[in-house]
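Residue 374 in the numbering used here sits at position 372 of the sequence shown, with consecutive numbering throughout. Note that CB positions come from ideal geometry on N, CA and C, so glycine has one too.
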Amino acid sequence: MSARQQTRTFAVWDYLVFAGMLSISAAIGVYYAFCRGGQQTQKDFLMGGQKMTALPVALSLTSSFMSAIAILGIPSEIYRFGARFSMYGFSYIIMVVITSEVFLPVFYKLGITSTYEYLELRFNKRIRLCGTALFILQTISWGCLYSCFLSAATGLNLWGTIITTGVICTFYSSMGGFKAVVWIHVFQVGIKVAGFFSVIIQGTVVQGGINNILNDSYHGGRLNFWDFNPNPLQRYTFWTIVIGGSITWLTIFAINPTQVQRYNACKSRFHAKMSLYINLIGCWGILACTTLCGLVLYSRYHDCDPWTSKKVSAPDQLLPYLALDILQDFPGLPGLFLACVYSATLSTVSASVNALAAVTISDLIKPHFPSLSEKTLSQLCMLYGALCIGMAALASLMGALLQVVLSIFGIIGGPLLGLFSLGILVPFANSMGAFVGLTTGFAISLWVGIGAQLYPPLPERNLPLSLITDGCNITSFHHQTNWNTTTGTPFSPNAFQVHSAERTPLMDNWYSLSFLYFSTVGMLVTLLVGVIVSLLTGGRKQSIDDRFLLTKEDFLSNFDFLKKVYIYELCDPGQKEMANHSSIFVKKIPNRVTKSQTQLKND
């Protein structure tokens, strides 16, 4: 226990490592702004000229939404609720398959910068503006809250994190454009992995090996992987995670412009799909690391919980607390972990700023001002960066409002996913059905989301596991690091809860729905209402372009690589020699295979 009784603070070496991460991130932005010829066109700035390959885009996809909240939040969930959270691995499979085989083919063949362009093509301008407005609200809230979260979870100065996050992200997003953001994400993935490994390896050494960690976790009930209870009111079961989790992640990867912008920047549809499947491996890796961190966390504090013993003020502070506890004898390693957490924030905020610029230009500005300079695009990124800083500062002063913003953010994605699904999968859906479906789905999901905050589920619904303080030395508490930050934790539910001795059936059922199902409710209501209203209003009157729908040709295109091999075999030796030195050999083949050329052009 002596190691736990020392005061823990970040040292000079830690801040040097942290500063190095920030400097390299900024330097990559400078490199792509000046040394690589800058961003010559709007397409270069927003889409990297559509010349990106699968691997860097895959790492960027993984990095963008494997955020500080995931890095700090998942281990604390494992610590409190057990390893059943790792069932998200199945959700990722479903998410990637549906995204790559249903949504990507439509978005990629249209070549759009913003997914909300699709809504105008499929329905009308009013539907597009509704989607754009919801996305901007969602993304600004998402981006600005990360700084507040990072301050509360790590003990860093609130204003320092707000300003630093905003300035660094705005700098390299506006200077280097899309390519800079992608390659910075690649660098930051390495930082995250190094930070995870430092905690996992040293934690395993300190606890005497992986067997001791698994033994402590087993006896503490943390190895509870399988729970097939179908009750949708329980926080985590196999079904809530696989069904609700899949829908939640689809709202991010399938339709969110922040992610769609990345795989649409690939040089071919094959590379775009490969980026998603490689990203699946990255998601599994991050999930495995966070799960191991959660088990190490429990093994270390299984008899002296820092949260209930008031050494930290929020569960999300547990992993930084562990990092300082076990890495303090290694100069720079706590700083590496800090860089890991902070790089996750930079990845998410920079992706958000870049996507906000893309959506604003495509949906709001370009229709009126078709010719925009690269300088104007950079200035727009700077504007959004400044707006995120201002919103974060405002949010830090309004604890209750913070909960409202987060609640709204959590329920926007489901109705939007339902809207896009309606357009892609239902040929007869019309604009009236889309509008009524979206507003109804949003209203219903907003209702259940706010109700869950006001009247949270009873403890037996959440099923938290026991936390013990029997092994704590009570007299030494005042020697511990004080992680009860003055900024407060922006995700504490207490500010919003209405305490009442009387609970109604509405509170114990509808408002107790697992939060993972909020997106599912919004999506299903939007889709169902949209279909019904479209049928009642006579469906779509005009014929629809097949490009706006998922067709059998989109599925068959998965086998185009076999056609390429077959076509290659049909070529004479001279043409094969030409093909060996050209990636576009299908354009130089005899006329007898011309029919396949159109099918191959997207690959």
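| Check | Outcome |
| --- | --- |
| Can you check DSSP and say which residues form a bridge with M54? | C268 |
| Taking I280 and A60 to be in contact with their CB atoms under 8 Å, please state how far apart those CB atoms are, rounded to whole angstroms. | 4 Å |
| So, under 8 Å CB-CB, T528 and L421 are touching, yes? Tell me the CB distance rounded to an integer number of Å. | 6 Å |
| Residue range of the alpha helix (DSSP H) that R124 falls in? | Y118 to R124 |
| Answer with buried or exposed for P507, where buried requires no fewer than 16 other C-beta atoms within 10 angstroms of its C-beta. | exposed |
| Helix, strand or coil: how does DSSP classify V428 here? | coil |
| Which whole-angstrom value describes the C-beta separation of F125 and A359, a residue pair presumed to lie in contact below a C-beta threshold of 8 Å? | Between A359 and F125 the Cβ distance is about 24 Å, and since that is not below 8 Å, they are no contact. |
| What's the call for D218, buried or exposed, on a 16-neighbour Cβ count within 10 Å? | buried |
| Quick check: what's the CA-CA separation for R86 versus I367? | 46 Å |
| Can you check which of these residues, D472, F520, V184 and L294, is closest to P417 by C-alpha distance? | F520 |
| Going along the chain, which residues of its own chain have a beta-carbon closer than 7 Å to the beta-carbon of T488, five neighbours each way excluded? | Unreliable positioning characterises T488 in this predicted model, as indicated by a pLDDT of 38, which lies under 50. A coordinate reading is not provided. |
| Under a Cβ-count criterion, where at least 16 other Cβ atoms within 10 Å of its own Cβ denotes burial, should Y220 be classed as buried or exposed? | exposed |
| Roughly how many angstroms lie between the CA atoms of W606 and S62, to the nearest whole one? | In this structure the chain extends from 3 to 605, so residue 606 is not present and cannot be described. |
| Keeping to the same chain, check which residues put their C-beta closer than 8 Å to that of I202; ignore five residues upstream and five downstream. | C291, L294, C295 and V298 |
| Could you have a look at I546 and say whether DSSP puts it in helix, strand or coil? | coil |
| Give the straight-line distance between the Cα atoms of P259 and L324, rounded to the nearest whole angstrom. | 36 Å |
| Under a three-way DSSP split, which group does F20 fall into? | helix |
| Just how far apart, CA to CA, sit M434 and G532? | 8 Å |
| So, is V14 buried or exposed, given that buried needs 16 or more other C-beta atoms within 10 angstroms? | exposed |
| I believe G197 touches C306 by the beta-carbon criterion, under 8 Å. Please report the beta-carbon distance rounded to the nearest angstrom. | G197 to C306, Cβ: 24 Å. No contact. |
| Just to confirm, is the Cβ distance from L515 to A454 under 8 Å? | yes |
| DSSP on R237, reduced to helix/strand/coil? | coil |
| Am I right that L419 and I243 are in contact with their C-beta atoms under 8 Å? What's the rounded C-beta distance? | Wrong, their Cβ atoms sit about 18 Å apart, outside the cutoff. |
| Cutting at 6 Å between CB atoms, please list the residues of its own chain near Y513, excluding the five before and the five after it. | G453, A454 and Y457 |
| Residues in the same chain with beta-carbon distance under 7 Å from L338, minus the five sequence neighbours each way, listed in chain order, please. | V19, A196, G197 and S200 |
| If you measure from the beta carbon of G416 to each beta carbon in chain D, is any gap under 8 Å? | In the displayed structure, chain D is absent; only one protein chain is listed. |
| Give the range of the alpha helix (DSSP H) segment to which S433 is assigned. | S433 to L456 |
| Alpha carbons only, please: which of M97, I212 and Q204 is nearest the one belonging to Q330? | Q204 |
| Between I414, L469 and A316, which has its C-alpha nearest T522's C-alpha? | I414 |
| Would DSSP call W286 helix, strand or coil? | helix |
| Tell me, please, whether the stretch 236 to 252 touches the stretch 97 to 112 by the rule of three or more beta-carbon pairs shorter than 8 Å. | yes |
| When you compare each of R224, Y265, G524 and S301 to G210 by their alpha carbons, which one comes out closest? | S301 |
| Sort P308, N213, L427 and S116 by Cα distance to R549 and report the nearest one. | L427 |
| Is DSSP giving P459 helix, strand or coil here? | coil |
| Please report how far the alpha carbon of P336 lies from the alpha carbon of L551, in whole angstroms. | 50 Å |
| Go ahead and label A135 buried or exposed: buried means 16 or more other beta carbons lie within 10 angstroms of its beta carbon, across all protein chains shown. | exposed |
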